[in-house]
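Student: Let me begin by handing over the structure; questions about it come next.
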């Protein structure tokens, strides 16, 4: 994929839609510019795991977090 973007007088660029979709970035997301031996690489900055939304999916009825799990265990033990 080869796309062009224009740099404004403030040093800003608009990332073309097809590139944003390929990177999986939306408004407010951050990207990282890294230089390597072949040129400049643009990658999305991921703060959370892309698998975070699936965490706990295999345990229906068990609350999330340490406190929730401990409370569930106490209830199961009859405490």
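Numbering (our numbering), first residue to last: 1 to 79. Every residue gets a Cβ at the ideal spot worked out from N, C-alpha and C, and that includes glycine.
Just to confirm my understanding: we take residue 62, look at its own chain, exclude 5 residues before and 5 after, and list those with CB closer than 6 Å. What are they?
Tutor: In the chain shown, counting from the first residue as 1, residue 62 sits at position 62. The answer, listed in chain order, is 72.
Student: Please identify the residue among 64, 36, 44 and 43 whose C-alpha is closest to the C-alpha of residue 53.
Tutor: Against the chain shown, residue 53 aligns to sequence position 53. When only C-alpha atoms are compared, the closest one is 64.
Student: Below 8 Å CB to CB, which residues in the same chain sit around residue 35 once its five sequence neighbours on both sides are set aside?
Tutor: For the purposes of this step, residue 35 is identified with residue 35 of the chain shown, where counting begins at 1. Once the five neighbours on either side are set aside, the close Cβ partners of residue 35 are 41.
Student: Residue 13 and residue 6: beta carbons closer than 8 Å?
Tutor: As a working mapping, residue 13 is identified with position 13 in the chain shown. As a working mapping, residue 6 is identified with position 6 in the chain shown. Yes, Cβ-Cβ distance for residue 13 and residue 6 is below 8 Å.
Student: Tell me the DSSP secondary structure of residue 25 in three-state form.
Tutor: The residue you call residue 25 lines up with position 25 of the chain shown. It is coil, neither helix nor strand.
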